[in-house]
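Scroll down for the structure; my scribbles are underneath it.
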Amino acid sequence: MPDGVEKAGQLPGKVADKGKDVVTDITISIIDYDKQSYSERQALDVEECFTPKEKNNVRWIDVDMLTDPSVIERIGQHYHLHPLLREDITEMGQRPKIEEFEDYLFIICKMLSYDDLIEEIKFEQLSIILTKDAVITFGERPGDVFEPVRDRIRNDKGLIRSEDPSFLVYSLLDIIVDNYYLVLENLSDRIEEIEDKVVENPSPKILSKVHNLKVEMITLRKAVWPLRDVVAHMERCGSPLLSDTTRIYLHDIYDHTIQVMDSVETYRDILAGLLDIYISTISNRLNEIMKFLTIVGTIFIPLTFIAGVYGMNFRLMPEIEQWWGYPMALFIMALTAGAMIWYIRKKGWL
Amino acid sequence: MPDGVEKAGQLPGKVADKGKDVVTDITISIIDYDKQSYSERQALDVEECFTPKEKNNVRWIDVDMLTDPSVIERIGQHYHLHPLLREDITEMGQRPKIEEFEDYLFIICKMLSYDDLIEEIKFEQLSIILTKDAVITFGERPGDVFEPVRDRIRNDKGLIRSEDPSFLVYSLLDIIVDNYYLVLENLSDRIEEIEDKVVENPSPKILSKVHNLKVEMITLRKAVWPLRDVVAHMERCGSPLLSDTTRIYLHDIYDHTIQVMDSVETYRDILAGLLDIYISTISNRLNEIMKFLTIVGTIFIPLTFIAGVYGMNFRLMPEIEQWWGYPMALFIMALTAGAMIWYIRKKGWL
Amino acid sequence: MPDGVEKAGQLPGKVADKGKDVVTDITISIIDYDKQSYSERQALDVEECFTPKEKNNVRWIDVDMLTDPSVIERIGQHYHLHPLLREDITEMGQRPKIEEFEDYLFIICKMLSYDDLIEEIKFEQLSIILTKDAVITFGERPGDVFEPVRDRIRNDKGLIRSEDPSFLVYSLLDIIVDNYYLVLENLSDRIEEIEDKVVENPSPKILSKVHNLKVEMITLRKAVWPLRDVVAHMERCGSPLLSDTTRIYLHDIYDHTIQVMDSVETYRDILAGLLDIYISTISNRLNEIMKFLTIVGTIFIPLTFIAGVYGMNFRLMPEIEQWWGYPMALFIMALTAGAMIWYIRKKGWL
Amino acid sequence: MPDGVEKAGQLPGKVADKGKDVVTDITISIIDYDKQSYSERQALDVEECFTPKEKNNVRWIDVDMLTDPSVIERIGQHYHLHPLLREDITEMGQRPKIEEFEDYLFIICKMLSYDDLIEEIKFEQLSIILTKDAVITFGERPGDVFEPVRDRIRNDKGLIRSEDPSFLVYSLLDIIVDNYYLVLENLSDRIEEIEDKVVENPSPKILSKVHNLKVEMITLRKAVWPLRDVVAHMERCGSPLLSDTTRIYLHDIYDHTIQVMDSVETYRDILAGLLDIYISTISNRLNEIMKFLTIVGTIFIPLTFIAGVYGMNFRLMPEIEQWWGYPMALFIMALTAGAMIWYIRKKGWL
Amino acid sequence: MPDGVEKAGQLPGKVADKGKDVVTDITISIIDYDKQSYSERQALDVEECFTPKEKNNVRWIDVDMLTDPSVIERIGQHYHLHPLLREDITEMGQRPKIEEFEDYLFIICKMLSYDDLIEEIKFEQLSIILTKDAVITFGERPGDVFEPVRDRIRNDKGLIRSEDPSFLVYSLLDIIVDNYYLVLENLSDRIEEIEDKVVENPSPKILSKVHNLKVEMITLRKAVWPLRDVVAHMERCGSPLLSDTTRIYLHDIYDHTIQVMDSVETYRDILAGLLDIYISTISNRLNEIMKFLTIVGTIFIPLTFIAGVYGMNFRLMPEIEQWWGYPMALFIMALTAGAMIWYIRKKGWL
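Have a look at this one:
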């Protein structure tokens with residue numbers, strides 16, 4: 168079931184306090200870096216996010232587990248975020264989007280990853296705020312797909328340490344889209360599995376598997392399609408927060424989102440085709456069985472009739488009395504059966 | 168059945184007088200508020216709507232039960248509404264739309280709410296008129312979804328008391344869209360219910376349930392889709408009646424309508440998929456039964472034939488006379504039955 | 168079958184002379200009116216259309232039964248109509264369209280009305296020419312849907328007598344679209360009828376009824392869809408022939424055409440859904456019958472086999488000789504039948 | 168099968184030499200005309216096309232049977248045609264298109280005509296070149312649909328002799344589109360034929376007829392759709408080769424192409440509906456037969472069982488010995504059969 | 168399965184080192200040509216690509232087998248290619264696209280060819296770089312479809328030797344699209360084959376053949392559709408790297424891609440239709456067989472019942488004792504069978 172259903176009648180612009188599943192230990196990690204230096208730490212208190220940092224440093228604040236609204240309120244205050252955005256961060260089921268403000272860019276997107284344990288696609292909404300010297304990310308749960316980016320920062324691989332915060336945003340979006348490919352790969356594997364089974368061993372379970380794949384495909388499309396618009400908007404918009412280098416790299420993500428969409432559309436077509444084949448195959452199989460059984464029945468019914476004739480008790484049945492009566496009856500039966508089998512074979516029914 | 172069928176040949180621009188179900192007690196409630204003060208009263212006479220109020224106050228006139236055309240005529244006169252608008256207010260089955268005039272904005276939208284008693288989506292057409300110091304709302308029936316907004320005005324929660332009339336219009340539209348989410352949630356629950364039943368216990372009733380859900384989905388889409396355009400128009404249009412604050416908040420509604428549409432499209436896809444699964448499952452079940460019955464029949468038909476053979480009355484049937492005749496016949500029958508069952512099992516038909 | 172097939176190889180710009188069904192009595196009615204005065208007469212000769220009239224009067228010339236091409240030629244000459252337009256007026260099966268000329272506007276649209284006698288939608292092509300002081304309408308057959316408009320002129324109801332010719336054109340288009348609603352209402356009634364029957368008593372006749380409804384829906388859409396563009400064009404175009412008042416009123420027609428289209432689309436969806444339900448229901452019914460019959464057959468086949476066994480003529484069948492043989496056989500049969508019925512019930516097949 | 172498959176690896180811009188079916192007698196007809204004079208002749212040598220003509224004359228060179236590439240090469244040289252155009256003329260399977268050059272316009276379109284003999288739609292690609300004083304047309308085969316245009320030129324009917332070459336191009340396109348109507352009419356007749364048969368006598372042949380009609384519809388659409396763009400381009404483009412009169416007349420063709428497309432879409436919808444009805448009808452019929460046969464079988468199976476019971480050879484079957492045994496057995500059988508028929512009737516299965 | 172799945176978490180802008188299938192012998196062929204001279208050689212070392220050449224010469228560097236990333240790195244360095252492009256060249260599964268840089272154009276497209284041996288469409292990604300005096304092409308595997316272009320260069324056929332590098336790019340794209348036609352032709356042949364079989368001998372194998380054709384069609388469309396945009400972009404963009412001659416010729420490719428898309432759409436429609444016919448035909452056939460068998464069964468069941476009646480052992484069955492009993496029974500049976508056959512024939516069931 169698609170999510171996106173919020174509580175009606177709620178005050179707009181107020182952070183949702185999801186009381187029932189409050190977990191106190193919110194995780195805030197702060198990474199400061201520039202070409203020369205790098206520091207990483209876990210913040211126990213939200214105020215640590217606002218400690219002054221040396222000039223030109225990029226600061227990445229990553230907040231997980233959105234259970235304590237006060238953290239978002241505090242960060243929102245510090246960075247002058249619009250109240251509606253604070254609401255957007257805490258409300259799950261948002262559509263990927265970008266909003267441009269004077270001092271910051273606000274991006275919502277979906278992290279997807281395939282969880283091998285529960286054999287399901289895991290969803291997580293990610294909010295990214297890009298200011299002129301910091302990037303703040305809000306995740307839904309602890310754990311994310313950003314480890315490779317952190318590694319690149321730690322080990323100064325690639326351009327990331329030399330570039331501004333917008334390049335960090337690009338790197339995060341890039342890794343998110345890369346994970347879409349992994350999810351796609353997994354979907355592709357499962358479709359291929361079904362493709363094989365449909366031919367060899369079509370069972371009704373395939374129906375619900377195809378249904379699940381379709382729902383997952385719809386989910387993936389709902390994550391990718393608006394992200395494409397987000398990236399296209401970032402490429403074109405004149406915001407000074409985005410460097411020219413970032414813009415060129417963003418086009419790469421744009422191409423990737425189109426490729427993912429292309430593949431999703433292709434898989435949808437293939438799935439629809441598989442469903443047709445499945446339905447046709449399974450109906451064919453059943454029909455073939457029924458045909459065979461009906462043929463068997465049809466051959467024996469006339470034979471039983473012949474036996475019935477000679478089981479009649481009429482006093483005067485001349486052939487009954489003869490020695491050749493019984494063999495003749497058996498012979499007639501064999502002949503009848505043979506004729507029917509020959510006819511059925513000739514017609515190509517068996 | 169979609170509504171929207173008016174009487175042909177009627178004079179355009181004249182208020183429809185729905186004579187047959189006139190109910191005299193029209194309900195008019197008037198709320199005046201600003202940051203400092205707040206007053207609420209029920210008007211018994213339409214003239215009460217036009218009593219002078221202190222400057223800068225926002226006045227919200229809420230008219231329910233559109234049975235007395237004279238009330239609308241009188242309000243229309245006072246606020247110089249175009250005759251065609253007066254007609255639009257009284258004619259049900261309008262498409263959500265916005266019309267911009269020099270002195271006022273005119274908005275038509277649909278209130279939806281799920282009525283648990285009759286297990287149906289309840290529709291109500293709402294006309295909103297925004298002037299520079301008042302908001303007038305015309306509902307179809309008594310009762311609406313605006314109680315949370317009234318509470319916010321009464322208790323000065325949020326921004327509403329500090330803002331101008333356009334913010335009240337935003338608040339009303341916001342609460343209407345929030346109720347779309349509730350309706351969606353209800354639809355989603357019913358779809359999940361069907362999703363479970365389709366697998367466990369597919370009955371023909373599911374067909375008409377899916378049909379009803381589809382019709383409700385179409386109805387919801389017909390309410391949301393044009394509302395999206397209405398909100399988009401309000402965001403972009405240059406009308407001085409809309410404050411900048413309102414415009415920013417309206418974008419939030421715009422996002423919500425897109426999310427609702429997204430979910431509706433997703434549900435449609437899922438419903439179509441469920442219908443396929445249902446049809447396939449029910450046909451599979453019936454086929455399985457027929458297969459089983461046919462197998463039973465097919466096993467006994469040859470046995471009956473063998474019995475028929477030894478029921479023939481030929482004088483000369485050598486095996487008839489022997490002591491081993493009867494056991495042999497039973498043995499042949501058992502053998503035949505066993506061979507057929509073995510063959511059917513081998514083929515995987517049972 | 169959609170029409171619109173003209174004779175190939177015909178000279179373009181020449182009025183088609185439909186020789187075979189010439190009816191001499193063409194009907195020309197002329198109404199002159201302004202706020203003060205009103206006159207109505209039947210013209211016997213086409214020249215009467217060109218009699219001078221007092222200044223500022225609006226003249227409405229209504230020509231029915233397009234069998235005499237000379238009438239159109241003559242009117243065309245008088246009002247300097249382009250030869251291709253004269254051709255458009257006489258050729259049926261035109262698509263609704265508007266063409267803007269310096270001195271006149273040319274509109275083609277479709278009058279639809281439901282004929283209760285022949286239970287069919289009646290089509291009539293209407294050509295409207297709007298000049299600065301006259302409106303000329305060409306109908307296909309005598310009889311139209313404009314009586315309410317004539318009444319309003321005669322009795323000076325509404326704005327029509329105070330306004331210019333373009334308001335008359337608006338009034339005509341408005342009444343035409345109102346009749347679309349009547350046709351829609353009729354279609355809606357017939358769909359509801361089918362909706363009920365599909366559940367209670369699905370018969371193959373429903374198939375062709377659904378087919379007819381679909382064809383009528385397509386026809387209605389082909390009349391409404393281009394009319395929407397015609398009205399939108401009239402609203403936007405800068406032609407001085409259209410007064411500002413008319414333009415505002417035209418928007419109302421625009422909204423109505425969109426509502427009609429919306430309903431048509433909805434009905435199409437519902438019809439498609441009904442077809443699915445019909446097919447599924449009828450196949451379910453037949454399957455249920457077959458299932459019942461097969462069960463009956465399957466229960467008796469083993470019983471017949473048992474009877475067959477004891478009908479064999481072996482000399483040595485010990486149980487045959489015993490007094491308890493017959494009751495035992497009957498008991499075994501009853502047991503077998505009971506076991507099968509129990510099994511079928513347990514499986515939920517009956 | 169759609170055509171349009173050229174030889175890969177061929178040199179672009181070179182005229183295809185279709186060696187295998189060279190026919191030497193290429194047909195070139197030349198018509199010179201203006202308001203005053205008219206001359207028509209068959210050219211035996213391509214050089215005759217370039218003989219000087221009096222000023223202001225329109226020259227129409229019509230070349231059929233494109234087997235001798237040298238003719239096109241020569242004409243191409245004389246009129247300075249771009250090499251790629253020469254290639255376009257000789258390659259069949261082109262999409263209708265227009266290309267604008269400084270000195271000439273190049274148009275490709277499809278002539279369609281229904282051939283009653285082979286009961287098929289005949290295709291012919293036509294290339295039209297419009298220069299400031301000549302029109303050159305290249306047809307695929309001898310024979311075309313232009314006889315009515317030639318008649319008009321010969322007998323000075325309509326405007327054609329008074330107008331410039333672009334009006335001749337309009338006249339040719341007009342007659343081509345008129346022939347689309349004829350093809351449509353034919354398709355419409357065949358669809359109506361099928362519509363009747365589907366109800367009366369659905370046979371599997373209808374399937375392939377519907378398939379053929381669909382393929383022909385696709386073909387027609389592929390010819391009309393791009394032609395619409397061609398005509399729209401001609402209307403809008405600023406080329407001095409097209410006179411204002413021609414532009415006005417072209418709009419008429421534009422309307423016609425839209426009408427053809429409209430009808431094609433309608434027919435497609437109707438065909439799809441017919442296919443549904445056919446499949447449903449044929450499956451209904453077969454099911455009805457099976458139902459009848461199964462009922463017959465089901466009635467006799469219990470009777471046979473009863474007969475079987477009294478055919479058992481037990482020594483002690485009391486009723487066997489009585490005089491009323493036989494009539495009683497027959498009575499029980501009649502009763503059983505009656506009860507079953509009554510039950511089946513009550514259920515409405517027969 | 169569509170490809171396009173890259174390794175997630177990979178550093179963007181770094182050339183993928185596909186370690187497992189490194190083949191050392193990369194093939195680099197270099198062709199230098201202008202109107203006067205021509206030279207062709209195989210480069211053993213990548214540095215040979217950068218040897219100076221005489222002015223105004225066009226150099227075509229063709230690199231096959233992308234296993235050694237250092238070659239691309241080196242060429243990328245020499246021609247100042249953006250790091251992301253180097254990545255694009257080595258990553259398979261890219262969507263056809265064009266990127267415009269100051270000094271060069273970068274084009275990715277798909278070479279398709281039908282491999283008769285493995286009866287499959289072979290894919291190869293081709294990257295083209297156009298600089299002001301050189302064209303560099305990177306293929307996936309040895310072997311390409313460019314031999315006709317090389318021939319034209321070697322033998323100075325057509326314009327190629329007289330034109331600039333952009334004309335070489337045009338020639339390569341032209342030959343690639345020509346190969347799409349060949350693939351289309353092959354698909355068309357296979358569809359026609361299926362079209363014949365569907366009518367004569369529908370077997371379940373057709374289902375998977377249609378499925379394969381559909382997947383291949385999707386693949387072809389994914390190659391052609393974006394190529395159309397690439398060519399359209401080249402036509403319109405103002406890059407000085409493209410000569411005016413090339414631009415005119417490119418329009419020809421543009422037309423061809425649209426024709427290919429048209430045909431693909433047509434084939435998809437036809438395939439969908441064939442699937443419908445197949446499913447309908449196969450279900451008809453099976454139904455016909457079942458009908459025949461059921462008729463046979465139904466005729467014999469009443470006969471067996473009659474035989475059963477006279478097989479009953481009642482002492483008092485008057486007709487049993489008579490000499491005419493047996494013939495009468497046979498006569499009744501014949502009569503019953505005859506009546507049933509007559510009825511079935513009359514109903515037109517056989």
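Protein sequence lines, in the order shown, are assigned to chains A, B, C, D and E. Heads up: the first sequence is residues 168 to 517, going by this note's numbering. Heads up: the second sequence is residues 168 to 517, going by this note's numbering. Heads up: the third sequence is residues 168 to 517, going by this note's numbering. Heads up: the fourth sequence is residues 168 to 517, going by this note's numbering. Heads up: the fifth sequence is residues 168 to 517, going by this note's numbering. Heads up, the beta-carbon is just placed ideally off N, CA and C, and yes, glycines get one too. All values reported here derive from a predicted model rather than from experimental measurement.
Check the Cα spacing between MET278 of chain E and each of E:LEU340, E:ARG226, E:ASP331: the tightest is with E:LEU340. Interface residue (Cβ-Cβ distance to chain A less than 9 Å): ILE437 of chain B is classified as such.
Restricting attention to A:LYS389, A:GLU269, A:PRO219, the CA atom closest to the CA of GLN292 of chain A is found in A:LYS389. Going by DSSP, ARG308 of chain E is part of no alpha helix (DSSP H) at all; its letter is neither H nor E. In this structure, DSSP gives CYS276 of chain E an extended state, which the three-state scheme calls strand.
Secondary structure of THR194 of chain D (DSSP, three-state): strand.
In this structure, the CA atom of VAL398 of chain E is about 6 Å from the CA atom of TYR421 of chain E. Within chain D, the residues ASN454, LYS458 have their CB atoms less than 7 Å from the CB of LEU453 of chain C, given in chain order.
When DSSP states are grouped into helix, strand and coil, LYS264 of chain B belongs to the strand group. Beta-bridge pairing by DSSP links ASP231 of chain E to E:THR194. The C-beta of ASP311 of chain B comes no closer than 9 Å to any C-beta of chain A. Counting along the chain, the unbroken beta strand (DSSP E) around ARG208 of chain E starts and ends at 205-210. The Cβ-Cβ distance between MET479 of chain D and ALA474 of chain C falls below 9 Å. In this chain, the beta strand (DSSP E) harbouring SER294 of chain A covers 287-297. Exposed is the label assigned to ASP270 of chain A, since fewer than 16 other Cβ atoms lie within 10 Å of its Cβ.
For ARG226 of chain D, the secondary structure class from DSSP, reduced to helix, strand or coil, is strand.
GLU488 of chain A and PHE481 of chain B have their C-alpha atoms roughly 6 Å apart. Using a CB distance cut-off of 9 Å, TYR416 of chain A counts as an interface residue toward chain E.
Taking 4 residues as the shortest admissible run, the region 303-363 of chain B contains the following complete alpha helix (DSSP H) segments, listed from N- to C-terminal end: 314-322.
Burial of LEU387 of chain B is indicated by the presence of at least 16 other C-beta atoms within 10 angstroms of its C-beta. With a cutoff of 9 Å on beta-carbon distance, GLU207 of chain B and ARG317 of chain B are scored as near each other. For the C-beta of LYS381 of chain A, the chain B residues within less than 9 Å are, from N- to C-terminus, ASP436, ILE437, GLY440.
A Cβ-Cβ distance of about 7 Å is found for the pair ARG308 of chain E and ASP231 of chain E, placing them in contact under the 8 Å criterion. In this structure, LYS220 of chain E sits near ASP300 of chain E, with a CB-CB distance shorter than 9 Å.
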